[in-house]
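Below: one structure, written as structure tokens.
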Amino acid sequence: MTAYILRRILYLIPTFFGATFLAFLIIQLAPGDYLTQLELDPKVTPETIARLRAQFGLDRPIYEQYLLWMNNLLHLNLGYSFAFQAPVLEVIWPRVVNSMVIVIPSTLLLYLVAIPIGVYGAVRQYSLGDRILSFLAYIGLSVPSFFLALIAIYVLLQIKFRTGTLIFPVSGMTSSGFEQMPPLRQILDIAWHAVVPVLVATANDIAGLSRLMRGQMLEVLGQDYIRTARAKGLAERVVLYKHAFRNAVIPFVATLGGLLPSLISGAGFVEVVMAWPGITPFFLDAIANQDLYVIAGFLTVSLVLLMIGNLISDLLLAWVDPRIRYE
1 MTAYILRRIL YLIPTFFGAT FLAFLIIQLA PGDYLTQLEL DPKVTPETIA
51 RLRAQFGLDR PIYEQYLLWM NNLLHLNLGY SFAFQAPVLE VIWPRVVNSM
101 VIVIPSTLLL YLVAIPIGVY GAVRQYSLGD RILSFLAYIG LSVPSFFLAL
151 IAIYVLLQIK FRTGTLIFPV SGMTSSGFEQ MPPLRQILDI AWHAVVPVLV
201 ATANDIAGLS RLMRGQMLEV LGQDYIRTAR AKGLAERVVL YKHAFRNAVI
251 PFVATLGGLL PSLISGAGFV EVVMAWPGIT PFFLDAIANQ DLYVIAGFLT
301 VSLVLLMIGN LISDLLLAWV DPRIRYE
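Residue 1 is where the sequence shown starts when you use full-length UniProt numbering, and the numbers rise one by one after that.
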């Protein structure tokens with residue numbers, strides 16, 4: 001197994017350089033850059049613009065800019081944010097932490113809820129409970145997460161207008177006077193604000209994952225070895241969870257590689273709609289401002305986590321599926 005891991009790591013090296021160069025090239029294809037916007041400011045002189053271009057290497061060819069950026073990256077320096085006048089890592093990390101407040105609980109809740117629902121739907125196929133869950137799943141698949149967030153905000157505001165009480169906040173991450181609160185109160189305040197974004201971010205994914213789990217279980221339960229296990233007199237619980245479930249869950253193990261980058265990628269437009277100060281609104285602002293090194297740095301971190309996650313998922317696949325062997 002050690003030789004397999006080392007070989008996979010060696011394969012990842014050219015993948016890393018190729019993917020980062022492609023991402024850097026695509027970013028550069030956009031017309032202009034952050035300093036182009038400064039040229040429209042009459043307070044900034046052309047000499048200042050030229051000095052800044054030379055300082056950040058923006059006056060060089062693209063391949064030289066990439067080599068300069070890669071040299072900094074190998075020294076764990078993601079670059080410098082033009083818009084925030086600070087190192088990229090210092091700018092990105094607080095937003096990543098804010099996003100993790102939503103993403104980690106929603107990911108755990110997703111698997112804890114979706115997989116049992118899928119198994120139930122397969123075992124109780126076409127029952128009343130299965131039909132109700134399937135109907136809700138189709139609704140969940142058809143409603144985008146940002147629209148679901150708008151519906152949640154509307155419902156909470158209607159409750160407030162009728163009762164005078166806001167059950168959960170509809171925007172933001174903290175309450176007013178957050179800095180003066182004791183540490184435990186700050187944690188509870190953030191958790192209170194995170195309830196609705198977590199539920200909204202989870203609801204849409206539960207629908208798809210539960211339907212996938214149901215389909216996988218139904219396919220496995222129709223296999224010959226399941227009928228053989230039942231014919232041998234094995235308990236139904238053993239047939240379902242030791243034989244059927246272990247094989248049905250294999251496709252989910254293969255997708256675990258995407259969990260690591262998703263932890264820092266944020267909750268998507270849910271953060272935008274609910275004014276959560278996560279990575280998605282920040283990344284959209286970086287694109288609008290053409291903040292080159294912020295975009296490239298975030299994509300690079302996501303790429304590294306994706307490669308590590310895929311390696312871990314391959315190892316887990318070999319552990320779950322005995323038919324897979326390291327070569």
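Built from N, CA and C at the ideal position, the CB exists for glycine as well.
Since we're looking at a predicted model, the values are computed, not measured.
{"Check": "Determine whether the beta carbon atoms of N91 and F82 lie at a separation below 7 Å.", "Outcome": "Rather than Asn, the amino acid found at residue 91 in this sequence is Val. No, the pair does not count as a contact, with Cβ atoms beyond the cut-off."}
{"Check": "Which residue's Cα is closest to the Cα of L12: L316, L317, M307?", "Outcome": "M307"}
{"Check": "Could you check where the alpha helix (DSSP H) with Q65 kicks off and where it finishes?", "Outcome": "62-74"}
{"Check": "Output the boundary residues of the alpha helix (DSSP H) element that contains A203.", "Outcome": "183-221"}
{"Check": "Can the beta-carbon of I49 be found closer than 7 Å to that of L58?", "Outcome": "no"}
{"Check": "In the DSSP output, which residue or residues are listed as bridge partners for V87?", "Outcome": "It should be pointed out that residue 87 corresponds to Pro in this sequence rather than to Val. Paired residue(s): Y80."}
{"Check": "S176: which of I190, T163, G222 sits nearest, CA to CA?", "Outcome": "I190"}
{"Check": "Specify the secondary structure class of L168 as computed by DSSP and reduced to three states.", "Outcome": "For clarity, residue 168 is Phe in the given sequence; the question names Leu instead. In the structure shown, F168 sits in coil (DSSP, three-state: anything other than H, G, I, E or B)."}
{"Check": "On the CB-based measure, 16 or more other CB atoms within 10 Å of its CB, does D41 come out buried or exposed?", "Outcome": "exposed"}
{"Check": "Hey, which unbroken runs of the alpha helix (DSSP H) at 4 residues or more fall wholly within the segment 229-305?", "Outcome": "245-248, 250-254, 259-265, 269-273, 279-289"}
{"Check": "Between the segment 255-275 and the segment 136-150, can you find at least three pairs of beta-carbon atoms closer than 8 Å?", "Outcome": "yes"}
{"Check": "Along the alpha helix (DSSP H) that carries T174, what are the first and last residues, could you check?", "Outcome": "Note, T174: premise wrong, no alpha helix (DSSP H); not H, not E."}
{"Check": "From L259 to V44, what does the alpha carbon distance come to, in whole angstroms?", "Outcome": "44 Å"}
{"Check": "Assign R124 to one of three DSSP states: helix, strand, or coil.", "Outcome": "coil"}
{"Check": "Between which two residues does the alpha helix (DSSP H) carrying residue 330 extend?", "Outcome": "A question about residue 330 goes unanswered here, because the residues of the chain that appear run from 1 up to 327."}
{"Check": "Which residues in the same chain have their Cβ closer than 6 Å to the Cβ of L305, if we skip the five residues on either side of it in sequence?", "Outcome": "L260, P261"}
{"Check": "Report all residues from its chain with a CB closer than 7 Å to the CB of L221; omit the five preceding and five following residues, and keep chain order.", "Outcome": "A122, A244"}
{"Check": "Looking at the secondary structure, which residues open and close the alpha helix (DSSP H) in which L40 lies?", "Outcome": "No alpha helix (DSSP H) holds L40; DSSP gives it neither H nor E."}
{"Check": "Taking only the alpha-carbon atoms, compute the straight-line gap between L316 and A23 and give it to the nearest angstrom.", "Outcome": "29 Å"}
{"Check": "What do you get for N204, buried or exposed, if any count of 16 or more other CB atoms within 10 angstroms of its CB means buried?", "Outcome": "buried"}
{"Check": "Where does P94 sit, in a helix, a strand or coil, going by DSSP?", "Outcome": "helix"}
{"Check": "Find the nearest neighbour of G309 within the set I264, Q158, L292, L112, judged by alpha-carbon distance.", "Outcome": "I264"}
{"Check": "Assess contact between the segment 224-239 and the segment 166-183, defined as three or more Cβ pairs (one per stretch) separated by less than 8 Å. Is contact present?", "Outcome": "no"}
{"Check": "Figure out for me which residue from R7, Y63, R53 has the closest Cα to the Cα of G18.", "Outcome": "Y63"}
{"Check": "Return the CA-CA distance between I27 and R60, expressed in angstroms with no decimal places.", "Outcome": "15 Å"}
{"Check": "Would you please state the rounded distance, in angstroms, between the beta carbons of M274 and V170? I believe it to be under 8 Å.", "Outcome": "7 Å"}
{"Check": "Alpha carbon to alpha carbon, how far is T202 from S99? Give it in angstroms, no decimals.", "Outcome": "14 Å"}
{"Check": "Taking contact to mean 3 or more Cβ pairs, one atom from each stretch, closer than 8 Å, check whether the segment 241-257 and the segment 138-145 are in contact.", "Outcome": "no"}
{"Check": "Helix, strand or coil: which one does DSSP assign to P144?", "Outcome": "coil"}
{"Check": "Spatial neighbours of L136 within its chain, please: C-beta separation below 8 Å, excluding the five flanking residues on both sides.", "Outcome": "A207"}
{"Check": "Please state the DSSP three-state secondary structure of D59.", "Outcome": "coil"}
{"Check": "Whole angstroms are fine: how far does the CA of D130 sit from the CA of N289?", "Outcome": "48 Å"}
{"Check": "Closest by CA to S313, which one among A254, P116, G118?", "Outcome": "A254"}
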